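Enquirer:
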Amino acid sequence: MAVLKYEEIAESLRARIAAGEFAPGATIPSGRDLAEQWDVSRATAIKAVDVLRNDGVVVAKQGTGFVVTETPVARPAGTRRAGSARILGGMPFLRIGKPDWAEPPTRVAVALGISPGVLALRRIRVLQLPDGAPHSCVEAWFPPEIAEAAPRLADAAPIAEGTTRYVRRQTGRFPTEGVDVTTVRLATDAEADRLGLPPASPVAVLIHTAHDQEGRPLVCEEGVTPASLFEQVDTYAM
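In structure tokens form, the structure reads like this:
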């Protein structure tokens, strides 16, 4: 499928941001400048910037233009319906520790289709409420073939273009189906510590698995939310 011009411009800007040409807080080229650089209409250039804004990569700053976000934004585990942007329902988050190779819990290993004892790459983040209090913690697990083909997943720094686009660029694989399973249990000691909860507090757990165009798992995320903050609302015809 042909890449539209505004998509090409947006991907070029993503790559420049990811490479550090535009650091957090830096201003990206204006719509007028982009239109001149790419020999396109200003409307096309603005549409490209809108793609980055909708994904939470840049934000509008009065009197300046669009600047690269200083606080990374992510969605909770799940909530990745087709057509949704990262910024929609997104929250600021903190990365916990450095990505590491570990043996995933059995339920995650099964979702990823890996055998017991096989290590996967783990990235941990804590999503925050507006007052900075923790909302949920998410462990994202990548199978070995994905982690090895996309080495920046092992870096502690956020990936400006988003992990989905980065993995697609590195591997050619992209999510076409998501499976979300919600359960309840008691928090582990590590989860309670991350979320500021008393030991063995009740939590809701959402296990999100993304599958690629051939049905192979790309990532499994285990999102844990305190019972007091979890709410799921479904509206449907009857």
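First residue of the sequence shown? That's 30 in the numbering used here, and the numbers climb one at a time after it.
Every residue, glycine too, gets a C-beta built ideally from N, C-alpha and C.
Quick caveat, the model's predicted, so the values are computed rather than measured.
Taking 9 Å as the cut-off, decide whether the C-beta atoms of residue 147 and residue 249 are in contact.
Expert: Their beta carbons are not under 9 Å apart, which means residue 147 does not touch residue 249 by this criterion.
Enquirer: Enumerated in chain order, which unbroken segments of the beta strand (DSSP E) with a length of 3 residues or greater are wholly contained in the stretch 213 to 262?
Expert: Taking only runs of at least 3 residues, the beta strand (DSSP E) segments lying wholly in the stretch 213 to 262 are 231 to 241 and 246 to 255.
Enquirer: Give the DSSP-derived three-state secondary structure of residue 93 in the structure shown.
Expert: Three-state result, residue 93: coil.
Enquirer: For the alpha helix (DSSP H) that residue 201 lies in, which residues bound it at each end?
Expert: Neither: residue 201 is in no alpha helix (DSSP H) and is coded neither H nor E.
Enquirer: For residue 62, tell me which candidate among 207, 239, 75 and 50 has the shortest Cα-Cα distance.
Expert: Closest option to residue 62, Cα to Cα, is 75.
Enquirer: For residue 167, report the span of its beta strand (DSSP E) as first-last.
Expert: Counting along the chain, the beta strand (DSSP E) containing residue 167 begins and ends at 163 to 171.
Enquirer: Tell me the residue span of the beta strand (DSSP E) that contains residue 155.
Expert: Element bounds for residue 155: 149 to 157.
Enquirer: Quick check: the Cα distance between residue 247 and residue 214, rounded to an integer number of angstroms?
Expert: Rounded to the nearest angstrom, the two C-alpha atoms are 25 Å apart.
Enquirer: Going by alpha carbons, who is nearest to residue 260 out of 73, 203, 181 and 234?
Expert: Nearest option by C-alpha distance: 234.
Enquirer: Looking at the secondary structure, which residues open and close the alpha helix (DSSP H) in which residue 62 lies?
Expert: Taken as a continuous stretch (DSSP letters only), the alpha helix (DSSP H) holding residue 62 covers 60 to 67.
Enquirer: Residue 201: which of 222, 96, 216 and 245 sits nearest, CA to CA?
Expert: The shortest Cα separation from residue 201 among 222, 96, 216 and 245 belongs to 245.
Enquirer: For residue 68, count the other beta carbons within 10 Å of its own beta carbon; 16 or more makes it buried, fewer makes it exposed. Which is it?
Expert: Per the 10 Å Cβ criterion, exposed.
Enquirer: Report yes or no: do the stretch 196 to 211 and the stretch 226 to 242 share at least 3 C-beta pairs separated by less than 8 Å?
Expert: Yes, since at least three Cβ pairs between the stretch 196 to 211 and the stretch 226 to 242 fall closer than 8 Å, the two stretches touch.
Enquirer: Please name the residue or residues paired with residue 126 in a DSSP beta bridge.
Expert: According to DSSP, which records beta bridges pairwise, residue 126 is partnered with nothing at all.
Enquirer: Check whether the Cβ atoms of residue 223 and residue 155 sit closer than 9 Å, and answer yes or no.
Expert: It is a contact, given that the beta carbons lie within the stated cut-off.
Enquirer: Once the 5 residues before and after residue 178 are set aside, which same chain residues still bring their CB inside 6 Å of it?
Expert: Here the set comprises 199 and 200.
Enquirer: Give every residue of the same chain whose Cβ lies closer than 6 Å to the Cβ of residue 35, excluding the five residues on either side of it in the sequence, and list them in chain order.
Expert: 73, 76 and 77.
Enquirer: Please identify the residue among 241, 242 and 254 whose C-alpha is closest to the C-alpha of residue 295.
Expert: Examination of residue 295 is not possible in this model, given that the chain is present from 30 through 267 alone.
Enquirer: Drop a sphere of 10 angstroms on the beta-carbon of residue 97, count the other beta-carbons inside from all chains shown, and report buried for 16 or more, exposed for fewer.
Expert: Classification for residue 97: buried.
Enquirer: Could you check where the alpha helix (DSSP H) with residue 141 kicks off and where it finishes?
Expert: Where residue 141 is concerned, the enclosing alpha helix (DSSP H) stretches over 135 to 141.
Enquirer: With respect to the alpha helix (DSSP H) encompassing residue 47, which residues constitute its N-terminal and C-terminal limits?
Expert: It spans 34 to 47 - the alpha helix (DSSP H) in which residue 47 sits, taken as one unbroken run.
Enquirer: Between residue 133 and residue 161, what straight-line distance do the alpha-carbon atoms span, to the nearest angstrom?
Expert: For residue 133 and residue 161, the distance between alpha carbons rounds to 28 Å.
Enquirer: Under DSSP, the alpha helix (DSSP H) around residue 79 begins and ends at which residues?
Expert: Where residue 79 is concerned, the enclosing alpha helix (DSSP H) stretches over 71 to 83.
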